[in-house]
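Per the numbering used here, residue 137 is the first one in the sequence shown, and the count goes up by one each step.
Positions of the beta carbon are idealized from the N, C-alpha and C atoms, including for glycine.
Since we're looking at a predicted model, the values are computed, not measured.
Quick notes on the structure that follows.
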Amino acid sequence: MSLKQALSHARGILAQGNIEDSPLEGELLLRHALGISRTQLYLDLDHKLSPKQYEAFWHLVERRLGGEPTAYITGHCEFYGLDFYVDPRVLIPRPETELLVAETLTLAQNRWIGTIAEVGTGSGAIAISLALELPETKIYASDISTTALEVALINCQRHGVLDRVYLLQGDMLDPIPEPVDLIIANLPYVRRLQLAGVRSEPLLALDGGRDGVKNIRRLCRKVGSKLRSGGSLLLEIGQGQGGVVIALLSRLFPNSKIRLIPDLSGIERVVSLSLA
137 MSLKQALSHA
147 RGILAQGNIE
157 DSPLEGELLL
167 RHALGISRTQ
177 LYLDLDHKLS
187 PKQYEAFWHL
197 VERRLGGEPT
207 AYITGHCEFY
217 GLDFYVDPRV
227 LIPRPETELL
237 VAETLTLAQN
247 RWIGTIAEVG
257 TGSGAIAISL
267 ALELPETKIY
277 ASDISTTALE
287 VALINCQRHG
297 VLDRVYLLQG
307 DMLDPIPEPV
317 DLIIANLPYV
327 RRLQLAGVRS
337 EPLLALDGGR
347 DGVKNIRRLC
357 RKVGSKLRSG
367 GSLLLEIGQG
377 QGGVVIALLS
387 RLFPNSKIRL
397 IPDLSGIERV
407 VSLSLA
């Protein structure tokens with residue numbers, strides 16, 4: 137069987153299994169099985185797979201059909217144009233979360249941001265992306281999960297930012313040693329009832345409590361002690377949570393400037409707060 141035939145067959149099977157974006161996922165799995173680049177794949181589509189290669193590829197397809205995310209199978213996830221290692225110890229970074237990085241860079245164009253605290257860093261994708269874009273900025277990246285921080289360390293080493301990203305274990309802002317200019321957080325915000333059937337990704341990184349904003353509410357109440365005068369807060373939120381979060385922040389910081397920023401799909405995705 138040629139690469140072209142194997143790819144077409146896998147894409148059809150994945151589509152029948154209701155796998156979203158089956159053409160891309162089939163390609164990623166085939167490239168991973170063979171250890172080749174996208175260019176190599178498409179330059180040699182008539183190449184014949186050996187029985188061993190085909191068996192290895194089909195084993196990956198079966199894992200995907202069983203519900204295992206492609207990012208965990210391959211150990212790779214692209215975020216903000218960078219390649220990150222991921223495994224079941226961390227949540228797979230989502231494209232919409234790139235908005236937190238983009239908004240941070242917009243803030244940095246208008247004022248100096250010397251220190252950042254990212255709460256719930258997971259794989260470290262946000263902190264590392266910012267460290268590469270803002271090389272003069274010191275970034276604290278905290279997580280309550282020690283196993284998640286093991287993955288973040290791998291990624292910090294991979295991207296050469298261990299001198300600028302300080303990984304800290306602890307709850308919320310507790311391990312952050314000093315007030316900072318910016319706090320960023322993509323905390324769990326999925327409503328608990330919506331988590332039924334979730335098997336692959338860590339529930340700790342998804343469970344936002346009954347209404348989805350349990351963790352966000354806790355963080356907002358701690359922000360005042362770790363945010364410098366004139367500092368900012370960026371929070372990723374779930375669909376329909378904007379009103380609740382803005383009302384809470386308005387009560388806690390009545391003189392602040394608060395904005396609600398939509399993602400590319402028009403969904404309210406990021407709450408931005410700037411202190412006076």
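Requested in this report: Measure the C-alpha to C-alpha separation of F215 and L400 and round it to an integer number of angstroms.
Outcome: In the sequence shown, counting from the first residue as 1, residue 215 sits at position 79. In the sequence shown, counting from the first residue as 1, residue 400 sits at position 264. Taking the straight line from one Cα to the other gives about 15 Å.
Query raised in the report: Between the region 376–384 and the region 342–354, do at least 3 Cβ pairs fall closer than 8 Å?
Result: Yes, the region 376–384 is in contact with the region 342–354.
Report task. Under 8 Å Cβ to Cβ from V197, same chain only, skipping five residues before and after it: list those, please. Result -> Counting from 1 along the sequence shown, the entry for residue 197 is found at position 61. Within the same chain, V197 has close Cβ partners A146, I149, L150, G162 and L165.
**Report entry** Environment of E372 [buried if 16+ CB atoms lie within 10 Å]
**Finding:** Here residue 372 refers to the residue found at position 236 of the sequence shown. Flag for E372 reads buried.
Query raised in the report: According to DSSP, is T206 helix, strand or coil?
Result: On the sequence shown, position 70 is the one that residue 206 refers to. When secondary structure is reduced to three states using DSSP, T206 falls in the helix class.
Report task. Given a cut-off of 9 Å, decide if G260 and I280 are closer than it, judged by their beta-carbon atoms. Result -> Residue mapping note: residue 280 aligns to position 144 of the sequence shown, counting from 1. Residue mapping note: residue 260 aligns to position 124 of the sequence shown, counting from 1. Result no, Cβ atoms of I280 and G260 do not sit closer than 9 Å.
Requested in this report: Return helix, strand or coil for P187, following the three-state DSSP convention.
Outcome: For the purposes of this step, residue 187 is identified with residue 51 of the sequence shown, where counting begins at 1. The answer is helix: DSSP assigns P187 an H, G or I state.
Report task. Please confirm if the region 177–186 is in contact with the region 223–233, defined as three or more CB-CB distances below 8 Å between the two stretches. Result -> Contact fails: fewer than three Cβ-Cβ distances are below 8 Å.
Query - Given S144 as reference, the closest of N154, L160 and V406 once Cα atoms are compared - result: Counting from one through the sequence shown, the residue named residue 144 turns up at place 8. Residue L160 is the option with its Cα nearest to S144.
Query raised in the report: In the DSSP assignment, what are the bridge partners of D219?
Result: Along the sequence shown, read from residue 1 onward, the residue named residue 219 stands at position 83. Per DSSP, the beta bridge partners of D219 are E214.
Query raised in the report: Below 9 Å between beta carbons: does that hold for G367 and P313?
Result: Taking the first residue of the sequence shown as 1, we reach residue 367 at position 231. Taking the first residue of the sequence shown as 1, we reach residue 313 at position 177. Taking 9 Å as the Cβ cut-off, G367 and P313 do not qualify as a contacting pair.
Query raised in the report: Among residues of its own chain, excluding the 5 on either side of E234, which ones have a beta-carbon nearer than 7 Å to its beta-carbon?
Result: For this step, residue 234 is matched to residue 98 along the sequence shown. Closer than 7 Å at Cβ, skipping near neighbours: F215 and Y216.
Report task. Within the same chain, show all residues whose beta-carbon is closer than 6 Å to that of Q375, passing over the 5 residues directly before and after it, in chain order. Result -> The residue labelled residue 375 in the question sits at position 239 within the sequence shown. If we look at Q375 and ignore the five residues flanking it on each side, its Cβ neighbours are I403.
Query raised in the report: CB-CB under 6 Å to S158, same chain, minus the five flanking residues each way: which ones, in chain order?
Result: Within the sequence shown, the letter at position 22 stands for residue 158. For S158, where only same-chain residues beyond five positions count, the Cβ hits under 6 Å are R147, L150 and A151.
Report task. Could you tell me if R200 is buried or exposed, where buried requires 16 or more neighbouring beta carbons within 10 angstroms of its beta carbon? Result -> Translated into the one-based positions of the sequence shown, residue 200 becomes position 64. Looking at its Cβ environment, which holds 16 or more other Cβ atoms inside 10 Å, R200 is buried.
Requested in this report: Check whether the Cβ atoms of Y208 and S336 sit closer than 9 Å, and answer yes or no.
Outcome: For this step, residue 208 is matched to residue 72 along the sequence shown. For this step, residue 336 is matched to residue 200 along the sequence shown. In this structure, Y208 places its C-beta atom within 9 Å of the C-beta atom of S336.
Requested in this report: Find out if the Cβ-Cβ distance for the pair L323, L285 is shorter than 9 Å.
Outcome: Here residue 323 corresponds to residue number 187 of the sequence shown, with the count starting at 1. Here residue 285 corresponds to residue number 149 of the sequence shown, with the count starting at 1. By the CB criterion at 9 Å, L323 and L285 fall outside the cutoff.
Report task. Starting from A277, trace the beta strand (DSSP E) both ways and give me its first and last residue. Result -> Position 141 of the sequence shown holds residue 277. Segment K274 to D279, the beta strand (DSSP E) holding A277.
Query raised in the report: Can you round the beta-carbon distance between H168 and L218 to whole angstroms, since I take them to be within the 8 Å contact cut?
Result: On the sequence shown, residue 168 is found 32 positions in, with the first residue counted as 1. On the sequence shown, residue 218 is found 82 positions in, with the first residue counted as 1. So it is not a contact: roughly 18 Å between Cβ atoms.
Report task. Helix, strand or coil for G345, going by three-state DSSP, please let me know. Result -> Mapped onto the sequence shown, residue 345 falls at position 209. In the structure shown, G345 sits in coil (DSSP, three-state: anything other than H, G, I, E or B).
Query raised in the report: Rounded to a whole number of angstroms, what is the C-alpha to C-alpha distance between A321 and E204?
Result: The sequence position of residue 321 within the sequence shown is 185, counting from 1. The sequence position of residue 204 within the sequence shown is 68, counting from 1. Rounded to whole angstroms, A321 to E204 spans 26 Å at the Cα level.
Query raised in the report: Excluding five sequence neighbours on each side, which residues of the same chain lie with their C-beta closer than 7 Å to the C-beta of E239?
Result: Looking up residue 239 in the sequence shown gives position 103. By the criterion of a C-beta distance shorter than 7 Å, E239 is surrounded in its chain by L370, I397, V406 and S408, once the five residues flanking it on both sides are discounted.
Query raised in the report: So what does DSSP say about P311, is it helix, strand or coil?
Result: Residue 311 sits at position 175 when you count from the first residue of the sequence shown. It is coil, neither helix nor strand.
Query - Inter-residue spacing [alpha-carbon to alpha-carbon] between L236 and L363 - result: As a position in the sequence shown, residue 236 is number 100, starting the count at 1. As a position in the sequence shown, residue 363 is number 227, starting the count at 1. So the two alpha carbons sit approximately 17 Å from each other.
Query raised in the report: According to DSSP, is E156 helix, strand or coil?
Result: Working through the sequence shown from its first residue, we reach residue 156 at position 20. Here E156 sits in coil by DSSP.
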